[in-house]
Amino acid sequence: MINFNRKMSESIKINKALPDGEIYAIILKQVNAILNPEEPLISNLANVTAVLKESFGKISWVGFYLEKNGKLFLGPFQGKVACTVIENGKGVCGTSLVQRKTLIVEDVDKFPGHIACDSGSRSEIVLPLVKDKKIYGVLDLDSYNLSAFNEVDKNNLELLCDLLTKKLPFEKLVL
Ligand code: SME
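Count the sequence shown with the numbering used here and you get residues 1 to 175, in order.
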């Protein structure tokens, strides 16, 4: 069992001045080390949001929306209070859910139907969480900067989502 301790808290301090690709390389190793499939999925996902939020200055909000009966419900997150339910096909999250693909939105004002939980948000990336052909939800990251997310984020966050779906028992998730 991995318990939170001082060493672990110190180990997730990352130099935010590093290039994003280097930060992701560190994060991927750390997340792999702290995930514990024997502990509840929600607990594991909560720590993943903390690692991401602590590692990048550009992230204003990061969290999971989890699927139930075709809707997305707010899961573990870091940031301001957010919308609790997103309908299938609505917003960036609901669109990523339906299309089962990563969406990079460089300017949220140009995405028809974007759901503004925080009026300060300017750009966004949303990644689907797919395991054994079933979709369990999405990972959503927002920024107060325009065009904050690019292919480096996409490639690395897709690796992160693969790690999560491979290592954690999403199939046992009950909302
Ligand atoms: N902007 C998202 C909604 C979730 S918040 O960003 C936390 C969307 O359009 O789906």
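Yeah, the Cβ is synthetic: ideal placement off N, Cα and C, and Gly gets one too.
Residue state for Val-130 is assigned as strand, using DSSP reduced to three classes.
In its chain, beyond the 5 residues on either side, Lys-16 and Ile-23 have a beta carbon closer than 7 Å to the beta carbon of Phe-56. Going by DSSP, Lys-71 is part of the beta strand (DSSP E) stretching over 71 to 78. In this structure, the straight-line span from the alpha carbon of Ile-86 to that of Ile-26 is close to 32 Å. One thing to note: Val-62 has its Cβ no nearer than 8 Å to the Cβ of Gln-30. At least one heavy atom of ligand 1 sits closer than 7 Å to the Cβ of Ala-82.
Boundaries around Leu-163 are those of the alpha helix (DSSP H), 151 to 167, since no beta strand (DSSP E) includes it. Distances from the CA of Asp-107 to each of Lys-101, Val-98 and Ser-119 were compared; the closest alpha carbon is that of Ser-119. A check of alpha carbon separations from Lys-80 across Leu-97, Ser-121, Pro-112 and Pro-40 identifies Ser-121 as the nearest. Beta-bridge analysis with DSSP links Lys-90 to no other residue.
Taking 8 Å as the cut-off, the beta carbon of Leu-127 is found closer than this to the beta carbon of Thr-102. For ligand 1, a non-hydrogen atom lies closer than 7 Å to the CB of Val-92.
It is roughly 15 Å from the alpha-carbon of Lys-110 to the alpha-carbon of Phe-149. Beta-carbon to beta-carbon, Leu-168 and Asn-44 are separated by about 6 Å, close enough to satisfy the 8 Å threshold. Judged by their CB atoms, Glu-124 and Asp-140 are nearer to each other than the 8 Å cut-off.
Sixteen is the threshold: since fewer than 16 other Cβ atoms of the shown chains lie within 10 Å of the Cβ of Val-174, the residue is exposed. Pro-19 is not a Cβ neighbour of Ala-46, given a cutoff of 8 Å.
In the DSSP assignment, Val-85 is bridged to Phe-73.
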